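Visitor: Residue numbers (the working numbering): 3 to 492.
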RNA sequence: CGGGGCGUAGCUUAGCCCGGUAGAGCGCCUGCUUCGGGAGCAGGAGGUCGGAGGUUCGAAUCCUCUCGCCCCGACCA
């Protein structure tokens, strides 16, 4: 009975823990259609904050939002060979409309490269029309066989950026710029440290020249690909005749990039920080940063503490120390008939970063009692100057979450692994990120995947590479072409 | 698609083997007492037992078919 209230613990069953947490914290719920889900206000609130932050970043770097339609002519998907090969198996196709069989079936977009570059082609004549830098917030559908709340569902929400440039160098700069923005967002807001780098041929986006990605480590030591940015080269430009007249008068194909992050990041947030008591949400993304729980015995006390709690809420929300538009997000839980302890558990499950308790004793002392969600540390805070104190504390929590996640990742990263036997031992046991040399042969990558389920998550960017580069390939012992990071992945 | 679970009240489930008026806990509603870590008492509402067929005097229970969901594997943000 008391056990009903507790989550399955992470060590018992990580997967069950995750599912129960997502449902119990009311981030999402299963919808009647297998593999799809409803994002509830608590989860959508996090997504809205993600959207707002990223949207500002995109606009600050010269991108504009637009919207392209859900339905794509089936023939469009086929125009880029690798693209159709990659996505055809997982598309939903509309064959009927208005009670009639359609002349050409419509594909529900699994991603929008085809329709967008078709339109870009229409809008581009001269190099003066470039670059085009567009972003859209949309839903996409990929008919996955195996689904998981937030991490892989039939339909999900994301943003997809699409750009067209006159030169390869410019496209490359763009793809890299966005990768940097993603990293900044994931570390600064989700407090989820990521490793950036390039995907191998077998893991790159269908139709891309190169794919860059942000890889995070979850608490079960598995990797989560949290965002990707692609240099598409001229592959789509050629398929969709996206050409322009260059300064020298010659016709040339444009260079494209595309990049996206999705509601999957909410799953990453959950699996990076949360504990056996429920969600731990980083303050910057928390729909509610502070919950105030008034504590009373008598009706007379109730009136006093609730009034005091509301005054504190107003003082906090009216404070402009973080800027006029970035107010503290505070709620008061003054429900009657629910004991304070029950409220604590409930808000902890929902991931609210900071709880303030206000009871008669606190009023006497001119203080409020605080409890941090992340480490469950408690302290009295003086009422005087409370907004600034709270804001600072929230930033401290934000920073501590990132530091803790980074420490966990490093503690579960293995460098200097040169023996394949040792590699297998790690993958069969604790898992984690394993840095090794690789001869660059896709066949070796496939063999390791077959034997261990681990894949090359990324060829890391220089700052993540080991101080001393591995000299030999993990499997063959041949000279290493790259240092790579292996892990089992979501 | 292969393997494993499971469909009984909003949730978790007992009952099924061995057929005989559908039970409990949590949650919900009302009232009183409570309230600094998951409250107590009293009263109350809530079920075509996933669906269809069959066997039977009688089916949640036995038989056949079917639908759906979850988990684990082969594809993927």
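Note that beta-carbon positions come from the ideal geometry of N, C-alpha and C, so glycine has one too.
None of the values given here were measured: they were computed from a predicted structure.
Distance, Cα to Cα, residue 431 vs residue 162?
Guide: Straight-line Cα distance between these residues: approximately 37 Å.
Visitor: Rounding to the nearest angstrom, what Cα-Cα distance links residue 86 and residue 139 in this structure?
Guide: Residue 86 and residue 139: Cα-Cα distance of roughly 23 Å.
Visitor: Would you check if the distance between the CB atom of residue 455 and the CB atom of residue 490 is smaller than 7 Å?
Guide: It is a contact, given that the beta carbons lie within the stated cut-off.
Visitor: Check each candidate in 71, 211, 364, 134 and name the one with the smallest Cα separation from residue 382.
Guide: Closest option to residue 382, Cα to Cα, is 364.
Visitor: In the DSSP assignment, what residue or residues form a beta bridge with residue 145?
Guide: Per DSSP, none; premise fails for residue 145.
Visitor: In terms of residue numbering, what span does the alpha helix (DSSP H) encompassing residue 446 cover?
Guide: From DSSP, the alpha helix (DSSP H) with residue 446 extends over 444 to 454.
Visitor: Please state if the CB of residue 478 and the CB of residue 418 are separated by a distance shorter than 7 Å.
Guide: Against a cut-off of 7 Å, the Cβ pair of residue 478 and residue 418 comes out as no contact.
Visitor: For residue 107 and residue 453, what's the separation of their Cα atoms in angstroms?
Guide: The straight-line gap from Cα to Cα measures roughly 40 Å.
Visitor: Please go through the same chain and pick out, in chain order, the residues whose beta-carbon is closer than 6 Å to the beta-carbon of residue 210, but skip the five residues on each side of it.
Guide: Answer for residue 210: 232, 234, listed in chain order.
Visitor: Given this structure, state the Cα-to-Cα distance separating residue 47 from residue 439, to the nearest angstrom.
Guide: Near 42 Å, if we compare the C-alpha coordinates of residue 439 and residue 47.
Visitor: Rounded to the nearest angstrom, what separates residue 376 and residue 403 at their Cα positions?
Guide: The alpha-carbon atoms of residue 376 and residue 403 are separated by roughly 8 Å.
Visitor: Indicate whether residue 220 and residue 273 have their beta-carbon atoms separated by less than 7 Å.
Guide: Closer than 7 Å, so yes.
Visitor: According to DSSP, simplified to helix, strand and coil, what is residue 1?
Guide: The structure shown does not extend to residue 1, since the chain spans only 3 to 492, so no value can be given for it.
Visitor: Only counting the same chain, and skipping five residues up and downstream in sequence, which positions put a Cβ closer than 8 Å to that of residue 88?
Guide: Result list for residue 88: 207, 208, 209, in chain order.
Visitor: What residue ranges within the stretch 345 to 403 form continuous alpha helix (DSSP H) runs of no fewer than 4 residues, ordered along the chain?
Guide: The qualifying runs are 362 to 367.
Visitor: Quick check on residue 128: buried or exposed, where buried means 16 or more other Cβ atoms within 10 Å of its Cβ?
Guide: It counts as exposed.
Visitor: Have a look at residue 146 and residue 36 and give me their C-alpha separation to the nearest angstrom.
Guide: Taking the straight line from one Cα to the other gives about 11 Å.
Visitor: Where residue 76 and residue 109 are concerned, what is the direct C-alpha to C-alpha distance, given to the nearest angstrom?
Guide: If you take the alpha carbons of residue 76 and residue 109, they lie about 5 Å apart.
Visitor: What separation, rounded to the nearest whole angstrom, lies between the Cα atoms of residue 2 and residue 216?
Guide: In this structure the chain extends from 3 to 492, so residue 2 is not present and cannot be described.
Visitor: Please classify residue 4: is it buried, with 16 or more other beta-carbons within 10 angstroms of its beta-carbon, or exposed?
Guide: Confidence is the limiting factor: at residue 4 the pLDDT is only 34, short of 50, which leaves the residue's position unreliable and the question unanswerable from this model.
Visitor: Take every Cβ of the stretch 294 to 310, pair it with every Cβ of the stretch 190 to 197, and state whether three or more of those distances are shorter than 8 Å.
Guide: As far as the Cβ criterion goes, the stretch 294 to 310 does not touch the stretch 190 to 197, which means the pair count is below three.
Visitor: What residue range is occupied by the uninterrupted alpha helix (DSSP H) comprising residue 270?
Guide: Looking at the DSSP string, the run of the alpha helix (DSSP H) that includes residue 270 is 266 to 275.
Visitor: Under DSSP, the beta strand (DSSP E) around residue 31 begins and ends at which residues?
Guide: Taken as a continuous stretch (DSSP letters only), the beta strand (DSSP E) holding residue 31 covers 30 to 32.
Visitor: According to DSSP, is residue 98 helix, strand or coil?
Guide: Strand.
Visitor: May I ask you to report which of helix, strand or coil DSSP gives residue 150?
Guide: Of the three classes helix, strand and coil, the one that applies to residue 150 here is strand, per DSSP.
Visitor: Between which two residues does the alpha helix (DSSP H) harbouring residue 80 extend?
Guide: Counting along the chain, the alpha helix (DSSP H) containing residue 80 begins and ends at 76 to 80.
Visitor: Tell me whether residue 345 is buried or exposed, calling it buried when 16 or more other Cβ atoms sit within 10 Å of its Cβ.
Guide: With 16 or more Cβ atoms within 10 Å of its Cβ, residue 345 is classed as buried.
Visitor: In whole angstroms, give me the CA-to-CA distance for residue 415 and residue 312.
Guide: Distance between the alpha carbons of residue 415 and residue 312 is about 47 Å.
Visitor: What are the residues that DSSP puts in a beta bridge with residue 212?
Guide: 233.
Visitor: Find out if the Cβ-Cβ distance for the pair residue 324, residue 393 is shorter than 7 Å.
Guide: In this structure, residue 393 lies closer than 7 Å to residue 324 by Cβ.
Visitor: Considering only DSSP beta bridges, list what residue 416 is partnered with.
Guide: Paired residue(s): 436.
Visitor: Is the separation between the beta-carbon of residue 340 and that of residue 315 shorter than 7 Å?
Guide: No, the Cβ-Cβ distance between residue 340 and residue 315 is not below 7 Å.
Visitor: Run the CB neighbour count on residue 229, radius 10 Å, all protein chains shown included, and call it buried at 16 or more, exposed below.
Guide: Residue 229 is buried by the Cβ-count criterion.
Visitor: Of the choices 470, 143, 136, 310, whose alpha-carbon is the least far from that of residue 164?
Guide: The option with the nearest alpha carbon to residue 164 is 136.
Visitor: Quick check on residue 11: does DSSP put it in helix, strand or coil?
Guide: Residue state, collapsed to three classes: coil.
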